[in-house]
Amino acid sequence: MFLVADPPEPLATEDFVLAPLRPELLDLDTEAYLASPDVIRDHSCGRWPLEGFGAEDNLPLVIRHWSDHQAKRAFTYLFLDPEGTSSLGCLYVQPLYPYLEAMGADAQTLLRYAGGSTARVSYWLRQDRKPGLSASVAERLDEWLRTKWPLDAYLYRATPAEECTVHALDRLPLDRVVIDLPAEQHSYLWWAADVRIVS
Numbered sequence: 144m145f146l147v148a149d150p151p152e153p154l155a156t157e158d159f160v161l162a163p164l165r166p167e168l169l170d171l172d173t174e175a176y177l178a179s180p181d182v183i184r185d186h187s188c189g190r191w192p193l194e195g196f197g198a199e200d201n202l203p204l205v206i207r208h209w210s211d212h213q214a215k216r217a218f219t220y221l222f223l224d225p226e227g228t229s230s231l232g233c234l235y236v237q238p239l240y241p242y243l244e245a246m247g248a249d250a251q252t253l254l255r256y257a258g259g260s261t262a263r264v265s266y267w268l269r270q271d272r273k274p275g276l277s278a279s280v281a282e283r284l285d286e287w288l289r290t291k292w293p294l295d296a297y298l299y300r301a302t303p304a305e306e307c308t309v310h311a312l313d314r315l316p317l318d319r320v321v322i323d324l325p326a327e328q329h330s331y332l333w334w335a336a337d338v339r340i341v342s
């Protein structure tokens, strides 16, 4: 369970704005998802459906994300264009500890991330995004997480195939870390931000 009392106001920049993923944004989310088959395949390690997937299939997922967001169990956002007319991708801010526990992390790793609020952060950006968006998202997103969220720490997760995301995260003041997860069937890369408390 997250111990985040309240998430901050969604981030708004000249390149994108964040909006909590809610049922009213179903069509924008579905369109971006279906327009990005290679990105979705890389981000999900091939686990997320593509063939025959439509808004009616996406609706229960969006409702679940919105329910989690309202209950402060996990937070899912759409990256929207500044006009709010198109989705540029999706952001997930989820509690890290339950995932580590489920994936068989050792006692030392669990102890390190036990208590407080530590987030697992991942995101994908649509396939036909404009040049430079990956870098802009990584820089502004990290600043927002670092300075506005009431977190003790946060770790980004990406797959090796997400080359643009990997390159963008490698340019930030983050530490590449290795987390041994015996029950995790997929290979992930991890970046840790310095632990800090928001006043």
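The sequence shown begins at 144 in my numbering and counts up one residue at a time. Glycine included, C-beta positions come from ideal geometry on N, C-alpha and C.
Cβ separation of residue i and residue j, assumed to be a contact under 8 Å, to the nearest whole Å
i    : j    : result
L234 : D224 : Their Cβ separation, rounded to whole angstroms, is 15 Å, which puts L234 and D224 out of contact at 8 Å.
V264 : L298 : 7 Å
G197 : T173 : 7 Å
P151 : K273 : Actually they do not touch by this definition, with Cβ atoms about 26 Å apart.
V205 : L254 : About 35 Å separates the two Cβ atoms, so there is no contact after all.
L284 : A262 : In fact, because the Cβ distance is near 12 Å, the residues do not count as touching under 8 Å.
L276 : D158 : 6 Å
One or two residues paired with residue i in a DSSP bridge
i    : result
C233 : L221, W267
C-alpha distance - residue i paired with residue j, whole-angstrom precision
i    : j    : result
R300 : V182 : 15 Å
A281 : R289 : 12 Å
V341 : L315 : Residue placement at V341 is poorly supported in this model, since its pLDDT is 40, which falls under 50; the coordinates are not used for a value here.
Y256 : A248 : 11 Å
D313 : A214 : 33 Å
S179 : A278 : 18 Å
A217 : V236 : 6 Å
S330 : D323 : 10 Å
V321 : L164 : 30 Å
Residue burial classification, residue i (beta-carbon count within 10 angstroms, cutoff 16)
i    : result
E305 : buried
V147 : buried
T308 : buried
T228 : exposed
Residue range of the unbroken beta strand (DSSP E) whose run includes residue i
i    : result
A304 : Neither: A304 is in no beta strand (DSSP E) and is coded neither H nor E.
A335 : 332-335
A162 : 160-163
Continuous alpha helix (DSSP H) stretch holding residue i: start and end
i    : result
D200 : 198-214
D185 : 180-187
R319 : Unbroken run through R319 is the beta strand (DSSP E), 318-320; no alpha helix (DSSP H).
L276 : 276-291
D172 : 169-177
A245 : 239-245
Q328 : It is not in any alpha helix (DSSP H) - Q328 carries neither H nor E in the DSSP assignment.
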